[in-house]
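Residue numbers (my numbering): 2 to 576. For glycine and all other residues, C-beta sits at the position ideal for the given N, C-alpha and C.
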Ligand code: GAL
């Protein structure tokens with residue numbers, strides 16, 4: 002460094018001869034030798050070999066960085082360029098930084114041992130699971146669970162199709178790839194090795210592309226197995242523009258695909274409009290568009306009869322439609338036992354299908370059966386935003402369906418814990434073990450939408466409830482089944498009185514056995530100081546800590562009641 006600082010030439014004529022320099026910065030140019038990068042590559046390669054330690058998801062970017070760095074080393078050596086050359090220096094530094102970042106990003110694989118609703122849920126490769134709006138099928142053949150759902154890696158669009166994961170423990174899911182692959186263009190029927198094989202000889206290629214093109218809506222896929230045809234049958238909501246509208250949700254149809262294996266490849270068949278409101282219906286949410294089908298689910302009953310449950314009439318009315326024997330269409334369109342759909346709609350209301358709560362605007366249906374009763378959980382219709390869930394119960398699948406009730410209790414109950422239902426998994430229906438599956442959609446980044454799995458808790462009669470858990474394990478389900486109270490418990494007390502509750506009660510467990518169990522009541526005496534209904538919780542130690550909730554009416558003394566009998570002189574009115 003050779004610096005000379007000189008004051009102005011005129012300086013000698015005055016006193017103001019300070020040099021016009023404030024400070025000097027001296028930068029030493031460090032040359033990063035190529036050998037530094039080579040050493041970094043060597044250490045990165047050592048880490049990259051630890052495939053049993055790190056997740057594949059975190060190793061992939063490291064391997065990519067190694068390949069890039071090696072190419073750079075090769076190029077520099079081949080071109081004989083001096084590593085000191087400025088652009089090379091920059092490339093060498095970038096390559097080293099890149100390797101450092103990817104090394105820092107390595108994640109040690111740790112199997113999941115619990116559910117953490119709302120947190121990122123990774124598969125066995127360490128990648129976030131892409132199975133939104135999905136459902137689970139237990140496969141008797143392979144004795145595995147399969148989770149099918151929307152692959153939203155690309156966000157809303159382009160659609161990738163339906164992804165499938167397999168699991169034996171319901172915590173750890175192996176990515177089995179795309180069960181149903183969305184199609185990019187008509188030319189893929191010729192050029193793509195998979196697509197050309199799956200749809201070889203099909204005359205309806207344009208229709209297939211119109212239904213499962215990457216620019217189409219493929220939502221809420223569900224799969225069931227058909228014992229007769231030995232096929233895995235996938236149903237989904239296929240949408241996109243219609244012949245009369247360019248809107249993305251104009252077509253509103255249900256499509257199906259078939260496969261010989263639970264992991265696919267599923268071969269897409271066709272989509273159709275489904276059942277229609279009867280001509281004499283007093284309410285019809287969308288008379289101009291009969292048979293609409295959007296959010297949907299499947300339910301296979303104990304006798305093998307399967308049903309499609311879907312939001313119809315512009316999402317205003319849920320329909321439950323019986324499927325035909327091969328599960329390839331709703332039964333009502335095949336009145337003559339034809340394989341083809343009848344041209345004329347002859348479905349019989351109450352025999353082939355029913356409508357549940359016309360005009361109630363319910364979506365995201367999830368059905369299950371417990372102790373002979375059918376339960377149907379639904380969401381409201383507010384797009385990606387959450388809303389309160391509601392459920393209904395019936396003794397037979399075609400109803401009557403009881404009035405809608407809210408299952409959620411506690412904090413965030415009003416938005417179903419910021420989620421929308423998608424399915425219910427029967428883990429052990431006999432013992433009352435069911436999991437509620439929902440999506441916490443993230444509209445701004447759909448691929449990062451989270452999964453909310455919670456235990457379904459059975460109360461008295463046909464009541465169910467959902468509560469938030471930050472973390473829970475499958476053994477929580479041991480205390481979720483229905484426990485009916487046989488002992489007579491106080492139903493009412495006077496204001497200020499604390500009810501005397503027994504320390505042991507007789508109950509019937511989920512499997513119908515009667516037994517005595519100690520009970521610990523959680524009671525706050527202050528609650529009985531005002532009139533109203535007080536819910537008291539009791540924990541049953543002999544039943545895995547099952548919590549029962551009883552309602553006690555707190556009644557002021559000296560109150561007269563007037564029964565409004567609607568103008569009719571009923572016995573209550575007289576009393
Ligand atoms: C929701 C529906 C989702 C998706 C979304 C689009 O109501 O449940 O499956 O269709 O709307 O906005």
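For residue 451, three-class secondary structure by DSSP: In the structure shown, residue 451 sits in a strand (DSSP, three-state: E or B).
As assigned by DSSP and simplified to three states, the class of residue 132: Residue 132 carries a coil assignment under DSSP once its states are collapsed to helix, strand and coil.
Residue 171 - DSSP class collapsed to helix/strand/coil: Of the three classes helix, strand and coil, the one that applies to residue 171 here is coil, per DSSP.
Alpha-carbon spacing of residue 80 relative to residue 22, whole angstroms: 43 Å
Contact test: residue 212 Cβ vs ligand 1 heavy atom, cutoff 6 Å: no
Proximity winner among 176, 384 and 370, relative to residue 463 (alpha-carbon distances): 370
Same chain only: Cβ atoms within 8 Å of residue 270, ignoring 5 sequence neighbours per side: 256, 257, 258, 259 and 329
Which residues DSSP lists as bridging residue 499, in chain order: In the DSSP output, where bridge partners are listed per residue, residue 499 has none listed.
Per-residue burial, residue 280 [other beta carbons within 10 Å of its own, 16 or more giving buried]: exposed
Heavy atom of ligand 1 within 6 Å of residue 365 beta-carbon: Under cutoff, so the answer is yes.
Sequence-distant residues of its chain with Cβ nearer than 7 Å to residue 530 (five each side left out): Counting only Cβ-Cβ distances below 7 Å, and skipping sequence neighbours, we find 496 and 497.
Uninterrupted beta strand (DSSP E) stretches inside the region 222-262 (no shorter than 3 residues): 232-240 and 254-260
Spatial distance of residue 103 from residue 66 (CA atoms): 7 Å
Where residue 525 falls, given that 16 or more other Cβ within 10 Å makes a residue buried: exposed
Unbroken alpha helix (DSSP H) run spanning residue 145, endpoints: Residue 145 -> not in any alpha helix (DSSP H); beta strand (DSSP E) instead, spanning 145-151.
Closer than 6 Å: residue 134 CB and nearest ligand 1 heavy atom: yes
For residue 334, the three-state DSSP class (helix, strand or coil): helix
Residue 296 beta carbon near ligand 1 (any heavy atom closer than 6 Å): yes
Completely contained beta strand (DSSP E) runs for the region 280-362, where each covers 3 or more residues: Fully enclosed beta strand (DSSP E) runs of 3 or longer: 297-301, 307-313, 318-323 and 354-357.
Contact set for residue 278: own chain, Cβ-Cβ below 6 Å, skip 5 residues either direction: 285
For residue 483 and residue 433, believed in contact at Cβ under 8 Å, the rounded distance: With 8 Å as the limit, residue 433 and residue 483 qualify as a contact, their Cβ atoms being about 5 Å apart.
Contact between the region 67-77 and the region 23-38 (3+ Cβ pairs under 8 Å): yes
7 Å Cβ cutoff met for residue 468 and residue 410: yes
Any non-hydrogen atom of ligand 1 closer than 6 Å to residue 513 Cβ: no
Euclidean distance between Cα positions of residue 491 and residue 441: 41 Å
Residue environment, residue 194, which counts as buried when at least 16 other CB atoms sit within 10 Å: exposed
Three-state class that DSSP yields for residue 111 in the structure shown: coil
Within 7 Å, strictly: CB atoms of residue 448 and residue 123: no
Proximity of residue 314 and residue 287 at Cβ, strictly below 7 Å: yes
Near ligand 1: residue 254 beta-carbon under 6 Å from a heavy atom: no
Pick from 86, 119, 43 and 120 that is closest to residue 97, judged by C-alpha positions: 43
Contacting residues, own chain, Cβ-Cβ under 8 Å from residue 108 (five flanking each side not counted): 55, 56, 58, 59 and 127
Beta strand (DSSP E) segments (min. 3 residues) lying fully within the region 424-476: 434-441, 451-459 and 465-467
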